[in-house]
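J.: Okay, handing you the structure first.
Number of protein chains: 2
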Amino acid sequence: MRIIVDGFGGDNSPLAVLQGCEAAIIEYGVDITVTGDQEILKKVADENKIDLSKMKVVHSPTVIPVCEDPSKIMTDYADCSMATAFKLLAAGEGDAVVCAGSTGAIVVGASLIVKRIKGIKRAALAPIMPSENGCYILLDVGANLECRPEMLLQFGVMGSIYMEKIMGIKSPKVALANIGEEETKGGELQIAAYKLFKSSKVVNFTGNIEPRYIPRGDADVVVADGFTGNIILKLTEGLGKMFSNALKSIFMSGLKGKLSALMVMSAIKGFKNKMDYTEYGGAPLMGTAKPVIKAHGSSNAKAFKNAIRQARDFAERGVVEEITNSIAQLKATPPTSDANE
Amino acid sequence: MRIIVDGFGGDNSPLAVLQGCEAAIIEYGVDITVTGDQEILKKVADENKIDLSKMKVVHSPTVIPVCEDPSKIMTDYADCSMATAFKLLAAGEGDAVVCAGSTGAIVVGASLIVKRIKGIKRAALAPIMPSENGCYILLDVGANLECRPEMLLQFGVMGSIYMEKIMGIKSPKVALANIGEEETKGGELQIAAYKLFKSSKVVNFTGNIEPRYIPRGDADVVVADGFTGNIILKLTEGLGKMFSNALKSIFMSGLKGKLSALMVMSAIKGFKNKMDYTEYGGAPLMGTAKPVIKAHGSSNAKAFKNAIRQARDFAERGVVEEITNSIAQLKATPPTSDANE
Chain A
1 MRIIVDGFGG DNSPLAVLQG CEAAIIEYGV DITVTGDQEI LKKVADENKI
51 DLSKMKVVHS PTVIPVCEDP SKIMTDYADC SMATAFKLLA AGEGDAVVCA
101 GSTGAIVVGA SLIVKRIKGI KRAALAPIMP SENGCYILLD VGANLECRPE
151 MLLQFGVMGS IYMEKIMGIK SPKVALANIG EEETKGGELQ IAAYKLFKSS
201 KVVNFTGNIE PRYIPRGDAD VVVADGFTGN IILKLTEGLG KMFSNALKSI
251 FMSGLKGKLS ALMVMSAIKG FKNKMDYTEY GGAPLMGTAK PVIKAHGSSN
301 AKAFKNAIRQ ARDFAERGVV EEITNSIAQL KATPPTSDAN E
Chain B
1 MRIIVDGFGG DNSPLAVLQG CEAAIIEYGV DITVTGDQEI LKKVADENKI
51 DLSKMKVVHS PTVIPVCEDP SKIMTDYADC SMATAFKLLA AGEGDAVVCA
101 GSTGAIVVGA SLIVKRIKGI KRAALAPIMP SENGCYILLD VGANLECRPE
151 MLLQFGVMGS IYMEKIMGIK SPKVALANIG EEETKGGELQ IAAYKLFKSS
201 KVVNFTGNIE PRYIPRGDAD VVVADGFTGN IILKLTEGLG KMFSNALKSI
251 FMSGLKGKLS ALMVMSAIKG FKNKMDYTEY GGAPLMGTAK PVIKAHGSSN
301 AKAFKNAIRQ ARDFAERGVV EEITNSIAQL KATPPTSDAN E
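So the protein sequences, as listed, match chains A and B. Going by the numbering used here, the first sequence opens with residue 1, and the numbers climb by one from there. Going by the numbering used here, the second sequence opens with residue 1, and the numbers climb by one from there.
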């Protein structure tokens, strides 16, 4: 199992990337290829006593900036560390890619270089989100702002397979993010997608989910267009931060607060771990022909290590193959025509 | 100052309504009119030792159910407690309405019976939401699922006036909920609305706001189409519940947890109060010709009392007049044409 890691993606690259790779080699026994400027990688490795001889380094001279037009990964930045990682994956010189660079460039680069699974209309970015009793997968969170109902159905299929194969959830509950539970709620997209899910019967569709019940864990897979999903993702981050600041201010208010904190430290840590994105690794990009994991832009070494583990599982457990089969089957037996109205 | 209260709106009506009215009369010195079945009101008041003689009761025999088609407030339920409240307001027999009934019926009933301010395209429901350093107003949260850019501009104007007049914030920061800060981000609606806000200069427009910065309090007025706003509202509720459950489990874990809780009780209460919707009263319906407050469906007596105070302020401080002037001015000097492209 060889994981290809973009050495220059994320705020803490390349150091955190190299540290994460080193830890993953030891902990998971995976082989690692790192892409990027080999001189810089060597220098950073030497300075930080990281044994680069355990990894394969593939030189790529440039880095695509986060603010750059994503489509430039195919032109001006065709030789960047991210594009190089995707080319290696497409050529079969590795089993999965981990990258913490520009989300837009990852979606464009992976879709065009690694290519999509046959029949998949769009790749979707699908972070694993915390809920009261575990976690759920949310897709899409921004790769596709405007969606058609068929795309949402495919998101549901892909998310369901991921949660079953990777998170071990039997028959995951798939729900559509909406402003009400009734099937007549929402805009045209939601109403049409509801019908399509209901008639296609390819996943365990439990209907619409109001966002107030998402954190309770009522669904294992939450399907949304990229705009709505991105709003859900970012508001969850913002409220998580607000709450963690509130906890801090409760426990930092004088001696009593600090004493109190000591007494419940393990419970606080448990909750913080649950909310901590570094524990979950990264967000799988669902729908590409080979596994791609988007690590968080601010990933530290631990987050990179966990993203590499996640990439290994993604490649090892046949998620792509299962999606390929399901989409082919869906095409062979399309939903009844009235659902497409 | 007379506040008209729908006696039969909300899960805890009519008892919580009457208790809230009684408390408001004592605390704020307002006059109260309650609408609804007078036999039931009298019976509940007697049973709970509430002095109904301090309020004016206007009999209305029916109640529009929450699940009913909202437009029926104009036909089958034209004599319901909610419609009666709006008719009294329209006739000048009170200064504001408080109602905890069906949101849809409130929007339809208020728009058609109380009517909209001249030039206002749509009334918007605008809850006051908690943030780290205070609160912000969010509009719309569901009255208008599909919006045009001009509607979002009007939402911004109305929200800005409310925050200035009622919450005392000078030159409130108005931002557009979006998935990125750049003016090219989002769908067609967001891109066009951004241009319109920028060129019209009627409010202190600070650009797009990503939802991760909403709880931090970066904006005083968050403008969104009704679908997006409703997602933000409900996810905030859901995550608030998740966090409050987490707090409970931290402090209820054994003797240490309970002792710890005692030591920081006042700080916990402070945070809970901040997150507590009953403190803020209800959500103003912005854009109607007279003030209407939508109280939360699960309002208790305290929430009704606070909603009545909010309705008093809404009526007293000339919010409707200021909106009327601003909209007239906006019409007289429309934004430059390139903003309407």
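Quick reminder that beta carbons are idealized off the backbone N, C-alpha and C, glycines included. As the structure is a computational prediction, the values presented were derived from the model and not from experiment.
Buried or exposed: residue 190/B, going by 16 or more other Cβ atoms within 10 Å of its Cβ?
T.: Burial call: buried.
J.: Does the Cβ-Cβ distance between residue 225/B and residue 145/B come in under 8 Å?
T.: The answer is yes: Cβ separation under 8 Å.
J.: With DSSP as the reference, identify every bridge partner of residue 296/A, one or two as the case may be.
T.: Beta-bridge pairing links residue 296/A to no other residue.
J.: Inspect the beta-carbon positions of residue 21/B and residue 304/B and report whether they are closer than 8 Å.
T.: Yes, they are a contact pair.
J.: With C-beta atoms as the reference, is residue 41/A less than 8 Å away from residue 9/A?
T.: No, these two residues do not count as a Cβ contact at 8 Å.
J.: What does the Cβ neighbour count give for residue 237/A, buried or exposed, with the cut at 16 atoms within 10 Å?
T.: That one is buried.
J.: To the nearest angstrom, how far is the alpha carbon of residue 298/A from that of residue 281/A?
T.: Approximately 12 Å between the Cα atoms of the pair.
J.: Can you check DSSP and say which residues form a bridge with residue 284/A?
T.: Its beta-bridge partners are 293/A.
J.: Which class does residue 107/B belong to by DSSP, given the choice of helix, strand or coil?
T.: Reduced to three states, the DSSP call for residue 107/B is helix.
J.: Quick one: what does DSSP say residue 326/B is sitting in, helix, strand or coil?
T.: In this structure, residue 326/B counts as helix in the three-state DSSP scheme.
J.: Name the residue from 94/A, 252/A and 174/A whose alpha carbon lies nearest to the alpha carbon of residue 308/A.
T.: Nearest C-alpha to residue 308/A: 94/A.
J.: Which first and last residues belong to the alpha helix (DSSP H) in which residue 21/B is found?
T.: Segment 15–28, the alpha helix (DSSP H) holding residue 21/B.
J.: With DSSP collapsed to three states, give me the class of residue 170/A.
T.: Coil, per DSSP.
J.: Of all Cβ atoms in chain A, is any one closer than 8 Å to the Cβ of residue 339/B?
T.: The pLDDT assigned to residue 339/B is 44, lower than 50, so where the model puts this residue is not dependable, and the model offers no usable value.
J.: Kindly examine the ligand NAP and report whether one of its heavy atoms sits closer than 7 Å to the Cβ of residue 150/B.
T.: By its list of ligands, the structure shown contains no ligand whatsoever, and the ligand NAP lies outside what it can speak to.
J.: Closer than 7 Å by beta-carbon distance: list the chain B residues that pair up with residue 210/A, in chain order.
T.: The answer, in chain order, is 234.
J.: Note down, in chain order, all residues in the region 168–199 of chain B with a beta-carbon under 8 Å from any beta-carbon belonging to chain A.
T.: Against chain A - using a Cβ distance shorter than 8 Å - the residues of the region 168–199 of chain B are 177, 179, 186 and 187.
J.: What do you get for residue 103/B, buried or exposed, if any count of 16 or more other CB atoms within 10 angstroms of its CB means buried?
T.: When all chains shown are included, residue 103/B counts as buried.
J.: Residues of chain E with CB closer than 8 Å to the CB of residue 256/A, please, in chain order.
T.: The question asks about chain E, but that chain is absent: this structure's protein chains are A and B.
J.: Can you find the residues in the same chain that come closer than 6 Å, C-beta to C-beta, to residue 4/B, ignoring five residues on each side of it along the sequence?
T.: The residues are 33, 85, 88, 89, 94 and 97.
J.: DSSP on residue 313/B, reduced to helix/strand/coil?
T.: The answer is helix: DSSP assigns residue 313/B an H, G or I state.
J.: Any idea which residues DSSP pairs residue 33/B with across the strands?
T.: 4/B and 56/B, per the DSSP bridge assignment.
J.: Using a beta-carbon distance below 8 Å, is residue 238/B in contact with chain A?
T.: Residue 238/B counts as touching chain A.
J.: Where do the N-terminal and C-terminal ends of the alpha helix (DSSP H) with residue 82/A fall, by residue?
T.: Unbroken alpha helix (DSSP H) run through residue 82/A: 81–90.
J.: For chain A, check one thing: does any of its Cβ atoms lie closer than 8 Å to the Cβ of residue 267/B?
T.: So yes, residue 267/B belongs to the interface.
J.: So residue 3/B contacts chain A; which residues on that side make the cut at Cβ distance below 8 Å?
T.: Within 8 Å Cβ-Cβ: nothing; residue 3/B doesn't reach chain A, min ~29 Å.
J.: How about residue 141/B and residue 233/B: do their beta carbons lie closer than 8 Å?
T.: The answer is yes: Cβ separation under 8 Å.
J.: Please identify, using Cβ separations under 7 Å, the residues of the region 134–151 of chain A that lie next to chain B, in order along the chain.
T.: Answer set for the region 134–151 of chain A: 142, 145 and 146.
J.: Any beta carbon of chain A sitting closer than 8 Å to that of residue 122/B?
T.: Not closer than 8 Å to any Cβ of chain A, the Cβ of residue 122/B fails to qualify, so no.
J.: Listing by chain order, which chain B residues have their CB less than 9 Å from the CB of residue 227/A?
T.: By Cβ distance, chain B contributes 178, 179, 186, 187, 190 and 228.
J.: Please list the partners that residue 70/A has in chain B, where partner means a Cβ-to-Cβ separation under 7 Å.
T.: What residue 70/A touches in chain B: nothing, since even the nearest Cβ is about 13 Å away.
J.: For residue 364/B, list the residues DSSP reports as bridge partners.
T.: The shown model of chain B, from 1 to 341, leaves out residue 364/B, and the question about it has no answer.
J.: Starting from residue 206/A, follow its DSSP beta bridges and name the residues at the other end.
T.: Beta-bridge pairing links residue 206/A to no other residue.
J.: Can you list the residues of chain A that residue 242/B reaches, using a CB-CB cut of under 8 Å?
T.: 131, 132, 215 and 216, listed in chain order.
J.: Does the region 187–201 of chain B come close enough to the region 247–265 of chain B that 3 or more CB-CB pairs lie under 8 Å?
T.: These segments do not touch.
J.: Is the shortest distance between the beta-carbon of residue 125/B and the beta-carbons of chain A less than 8 Å?
T.: False, the Cβ-Cβ gap to chain A never drops below 8 Å.
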